[in-house]
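A short worksheet on the structure shown next.
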Amino acid sequence: MQTTMQPTTQRRDDQVAPQSEPEVFFAPRTDVYETADSIVLVADVPGAADSDINVTFEGDVLTVEARLAKRDVEGLTLAHREYDVGNYRRTFTVHTPIDRDAITARATDGVLRVTLPKAKEARVQKIQVRAGK
Amino acid sequence: MLSDSFFSWDPFRELSRLQVDLNRAFAGANGPAFNVWTGQDSAVVTAELPGFSAEAFDVSVFGKTVTVKGERKPIELDGATAHRRERQTGSFVRAIELPFRIDSDRVDAKFERGVLQITLPRAEADKRRSIAINAN
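Protein chains in written order, with the working numbering: chain U, 782 to 914; chain V, 7 to 142.
Written out as C-alpha cells, the structure reads:
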C-alpha cells in the first residue's frame, strides 16, 4: 500500500526539547485515513481547543499547529512528571490533489480532525461495466 | 541508629515511592501519561487522555490510592484505509498512591479538552497536628 502522507517531523516520544529553546513543540501522534473522496488526519492534541489550532496548506505541505499556555496547578508543586505541556506542530506532505477551499478542521476532546476533500480528478470514479452483446 | 531521614521526614518525599501500576492491555508499550501535583493538604493528578469519553472514565479512591480506568475506541470511518496509525486504542488501568489518605467525599474530577484533572484533598484525620505539651 502506498502511503499518501509522509511526516517530516519526529514523533512526540522521540523529541527532547533543548533547554535553550524558549518554545517547545511536540509532534502529535497522528492517524491518517483515506476514504473514496477525502483524506482524514486525526491528531492527539490534548489541552488544545479550536481557537489554539492553526492548520495551513501550502503547496503540498500541510502544517498542523497548536499553541498552548502552560498549565500549572496553583499552590501545588509538580511531584511526578510523565508529560510536558508544550505547543504542537507537525507537517505532512500530501501527494493527492486536494480541494483546498473545502478543508475543514475541528478539535473535540483534545483530538484534532482535519478533513481534506480530494479534488475531483483524484476521486475514485466508479465505472459501470456493461455486458457486451 | 536512626537515620537522618527520620528527622527530616517529609511526607511528600514519599512520592518518589509512588506506586505505579500500568495495565499493559493498553496497546503498545506505554499507557497514558500522568502528572502528580502535591501540596500540604491536597494533590492533583492530571492525565492526557485525548479522544476518551468523559462518561467512560472510572475514577475510584481507597485509602491513599486513586485508581483511574478508561477506554479509547478506534476511529470508525466508512470505507477508510488507514495509511498511518500512531494513536493507541484500548483500555488502561492506573493506580497512583499518594503519601496521605484521601478524603473521598471531596474528590473532584473534570475532563476538558482531552485532559483529565482529579483533585484529591487530604483526609482531615490524616492532617498533621501540633500537640500542646502540658508542663506541670
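Every residue, glycine too, gets a C-beta built ideally from N, C-alpha and C.
| query | result |
| --- | --- |
| Among V/Ile-139, V/Arg-119, V/Ala-131 and V/Gln-94, nearest to U/Arg-810 - alpha-carbon criterion | V/Gln-94 |
| Coil, strand or helix - U/Arg-887 by DSSP | strand |
| Backbone secondary structure at U/Asp-833 - three-state DSSP | helix |
| Residues in the region 802-818 of chain U having any Cβ partner in chain V nearer than 8 Å | Arg-810, Thr-811, Asp-812, Val-813, Tyr-814, Glu-815, Thr-816 and Ala-817 |
| Integer Cβ distance of V/Leu-122 from V/Ala-49, believed to fall under 8 Å | Actually they do not touch by this definition, with Cβ atoms about 14 Å apart. |
| Any chain V beta carbon closer than 8 Å to U/Tyr-864 | yes |
| Where V/Ala-33 sits in the DSSP three-state scheme | Note on V/Ala-33: pLDDT 39, under 50, position unreliable in the model; the coordinate value appears next. If DSSP states are grouped into helix, strand and coil, V/Ala-33 belongs with coil. |
| Own chain residues within Cβ distance below 6 Å of V/Ala-53, not counting five before or after | Pro-38, Phe-40 and Leu-122 |
| Rounded C-alpha distance that separates U/Ala-903 from U/Val-866 | 39 Å |
| Short CB-CB distance (under 8 Å) between U/Glu-874 and chain V | According to the sequence shown, residue 874 of chain U is Thr rather than Glu. For U/Thr-874, the answer is no, since every Cβ of chain V falls outside 8 Å of its Cβ. |
| CB contact below 8 Å: U/Pro-878 versus chain C | Although the question refers to chain C, the structure presented lacks it and instead comprises the protein chains U and V. |
| Contact the region 105-121 of chain V vs the region 834-844 of chain U: 3+ CB pairs below 8 Å | no |
| Selected residue, minimal CA-CA separation from V/Leu-83, among U/Phe-873, U/Asn-835, U/Thr-896 and U/Asn-868 | U/Thr-896 |
| Interface residues of chain U facing V/Leu-126 [CB-CB closer than 7 Å] | Neighbours of V/Leu-126 on chain U: none; closest Cβ ~11 Å, over 7 Å. |
| Cross-chain neighbours of U/Pro-890 in chain V, by beta carbon under 9 Å | Checking the displayed sequence, the identity of residue 890 of chain U turns out to be Asp instead of Pro. Near U/Asp-890 (Cβ distances below 9 Å), the residues of chain V are Leu-55, Pro-56, Gly-57, Phe-58, Ser-59, Ala-60, Phe-117, Glu-118, Arg-119 and Gly-120. |
| Backbone CA spacing between U/Lys-851 and V/Leu-55 [nearest angstrom] | 17 Å |
| Host beta strand (DSSP E) of V/Ala-88 (start-end) | 87-91 |
| Nearest-angstrom beta carbon gap, U/Ala-888 and U/Ala-830 [assumed within contact, 8 Å] | 6 Å |
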